[in-house]
Each structure stands twice: as structure tokens, then as C-alpha cells.
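At position 201 of the sequence shown the residue is numbered 267 (my numbering), and the sequence of numbers has no breaks.
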Amino acid sequence: MKSNNQFQNLYPLHHGRAFRHAANTPLSSLLVNLELAQEHQKLSQSPYVKQALNSAYRLKDLFELPLQPKSKQFQVKFFLQESLNLVNQIYPQAVINQHLNFPQSTGLYGNRFYFQEAVICSVKNAIESYSSASKNNQIVLILGQIVKSGLILTFVDGGQGMNWLEKILMFADGFTNKKEGVGVGLTWVKKVVEDHFSGHIKVSSKKNKGTTMIWTLPLYERQ
67 MKSNNQFQNL YPLHHGRAFR HAANTPLSSL LVNLELAQEH QKLSQSPYVK QALNSAYRLK
127 DLFELPLQPK SKQFQVKFFL QESLNLVNQI YPQAVINQHL NFPQSTGLYG NRFYFQEAVI
187 CSVKNAIESY SSASKNNQIV LILGQIVKSG LILTFVDGGQ GMNWLEKILM FADGFTNKKE
247 GVGVGLTWVK KVVEDHFSGH IKVSSKKNKG TTMIWTLPLY ERQ
């Protein structure tokens, strides 16, 4: 799709390939694109906006159902990098430093769609933890390594951080410490990591210093 003047100020939208990807995969990116589209009435008839809206409704229905059982393994590095690239397109001002020290063949057993959505929710939350005054200094560090039979993924930000109460409540459905938001992203992340992938999450945070979230995920082992 060729960009035109109508799309110049809509970075995620005027890249048709990225937008079509968003319409087929992560709900987080769909919502961001739809919010942008709603601010521009001329885009209301765009086929991509309509496609995204329909996809969002389907995904919303999917998320309200119990998690699907694990069905197959996938190579995690490719889909992790794809998710991080998509977040970079949505938040071009953010700096996402990734150090993924594990083989390309590293596999997880489960739904890669769930994995990608959980990654995007986590990175999006890290970026949005920065105050508006830090818009030009939004740095998120992503680390990946294998320890024994598990994949360790670490998400680090230097944002507003959390106090002890916010840390306790951070995964509670509906809780958010942002001015805008409905508090469902991290609830979904916890559900995916712990219930679907049989992993666990550890969080450390300090007010006005930032937050570190660590996922431990069991590796796929061939029978």
C-alpha cells in the first residue's frame, strides 16, 4: 500500500504491512491503531481500519474464553523479535535494546499468538511507565538467556516504578496506575505465562527508579 498525505502523521497506519500484521496478531497494537484512526474522521472508511476493528472484536471474544490448550511448539526468538519490531513501529520514540543470548532454534510449547501478545503488553507497559517529560528518553532493555531447562526473559525499564502496594496489585484485574488505561494487560500477561506456558513471573520495582519483570518459561523438549 502506498502512503499518501492522509497517512503521513499516522506512523503505524501508513505502513500498510505493519498494520495488516497488527490486524492479524496482537490486540495491543490493534487498539493503538484504532485509537489513532478514531482521531481522524477521514480514515473512518479505510478498509484497514474496518479490518482492524473486526479483528479486535474477534480477539476480544477470544480473550474472554479460557486459554486454548497447548498444541505445538514454536521457535521463540523469531516471534519475540517480530513482536519487538512491531512495538518499535508503534512507539518510534522508544529505544528497545535487546540482548537475546539463546539459539534461534530455542522452542517453547504453546500458542505463539499468546506469547506475542504477552510480550507486546509487557513492553508497551514498560514504555508507558515513563512520564511525558521523559518522552525522548524511553529506554527498555530486553534480555534473554537459557538457564538449565528454562528460558529467562527479562524486561527492564527506568520509568516511574511502583511502591509496595502497587506491586502487590499490579496483576489484579482492572488495576492501573496510569491516567489512561483499563488495567487488563498485565493480568493477561500473568495468565499466559503461568497458566498457558506453565512458567512464572518475578517483579522487582522501586518508585521513581523503574521496574524489572522476569519471566521463566520451560523449554520445549523433543520426545
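Glycine included, every Cβ here is placed at the ideal spot set by N, Cα and C.
Reference residue i, options the options, closest by Cα
i: V206; options: T277, P284, W281 and E287; result: T277
i: F145; options: L219, N163 and Q182; result: Q182
i: I267; options: C187, K275, Q170 and K256; result: K256
i: Q170; options: I186, G227, L217 and I234; result: L217
i: K214; options: E148, D261, M236 and T172; result: T172
i: F179; options: P284, N154, F263 and T220; result: F263
i: L55; options: L150, S271, V142 and N163; result: Residue 55 lies beyond the stretch modelled for the chain, which goes from 67 to 289, so this question has no answer here.
i: G265; options: C187, G176 and K138; result: G176
i: N163; options: F221, L252 and K275; result: F221
i: L252; options: Y157, W281, G224 and N229; result: W281
i: V142; options: Q159, V153, F237 and L166; result: L166
i: K140; options: L150, Q147, F168 and L174; result: Sequence check: residue 140 is Phe here, not Lys. The candidate whose alpha carbon is nearest that of F140 is L174.
i: V153; options: F168, V185 and K138; result: V185
i: S200; options: L283, Q226, G210 and L219; result: Q226
i: S197; options: Y286, M279 and K275; result: K275
i: V259; options: Y157, L283, L231 and N229; result: L283
Three-state class that DSSP yields for residue i in the structure shown
i: N229; result: coil
i: L285; result: coil
i: K257; result: helix
i: S149; result: helix
i: F221; result: strand
i: K272; result: strand
i: Q164; result: strand
i: Y157; result: coil
i: Q170; result: coil
i: F181; result: helix
i: F144; result: helix
Neighbour-count burial assignment, residue i, 16 or more Cβ in a 10 Å radius
i: V189; result: buried
i: K273; result: exposed
i: S195; result: buried
i: V161; result: exposed
i: I212; result: exposed
i: N202; result: exposed
i: Q149; result: Per the sequence presented here, residue 149 reads as Ser, with Gln not at that position. The residue in question, S149, is buried, as its Cβ has 16 or more Cβ neighbours within 10 Å.
i: D261; result: exposed
i: N191; result: buried
i: Q159; result: exposed
i: W254; result: buried
Cβ-heavy atom distance, residue i to the ligand NAD, below 6 Å
i: Q170; result: Absent from the structure shown: the ligand NAD. Ligands present: none.
7 Å Cβ cutoff, residue i in contact with chain C
i: T282; result: No chain C is present in this structure, which holds just one protein chain.
*Please specify which runs of the beta strand (DSSP E), each continuous and at least 3 residues long, are wholly inside the segment 191-219, giving them in chain order.*
205-213
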